[in-house]
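Numbering (my numbering), first residue to last: 4 to 120.
Backbone N, C-alpha and C fix where the C-beta goes; we use that ideal spot for every residue, glycine too.
What you are looking at is a predicted structure, and each value in this text was computed from that prediction instead of being measured.
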Amino acid sequence: MALRCVVVDDSEQFLRAAARLLGRQGIDVVGIAQHGGEAVDRVARLRPDVALVDIDLGEESGFGVADRLSRTAGQLAVIMISGHGGADFEEVLANSPAVGFLDKSDLSADGIRRLLR
């Protein structure tokens, strides 16, 4: 059974590219969202295994979205993503509900699975 995923990012271009890439690598991207409200809705309706949440969602903090998702979707694993290195966010990541961080340039099914182990 394929891992079911929702991707949350304010860039429509990134959402499309990530969905294609992960789909080719065996991850079932069941939904995409560009902001927190959409993310909560998609996760509630689609019940994915994992949500990839961009740290910077424009005017909205990805960490705030991760908190909302973890409170409303029990078994959901949240992975934070960003085009900026994870070292910049180590302290905030450690205090978040996220299971880990992936740089967008390193996004892959293997990277997601490694963080979920």
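N- and C-terminal bounds of the beta strand (DSSP E) containing residue i
i: residue 18; result: First-last for residue 18: 15–27, but that is the alpha helix (DSSP H), not the beta strand (DSSP E).
i: residue 56; result: 53–57
i: residue 36; result: 30–36
Run of the alpha helix (DSSP H) containing residue i, from where it starts to where it stops
i: residue 73; result: 65–75
i: residue 119; result: 112–119
i: residue 49; result: 39–49
Sub-9 Å separation of residue i and residue j beta-carbons
i: residue 77; j: residue 106; result: no
i: residue 9; j: residue 54; result: yes
i: residue 83; j: residue 65; result: yes
i: residue 25; j: residue 118; result: no
i: residue 37; j: residue 12; result: yes
i: residue 46; j: residue 79; result: yes
For residue j and residue i, the rounded distance between their alpha carbons
i: residue 52; j: residue 6; result: 6 Å
i: residue 81; j: residue 39; result: 13 Å
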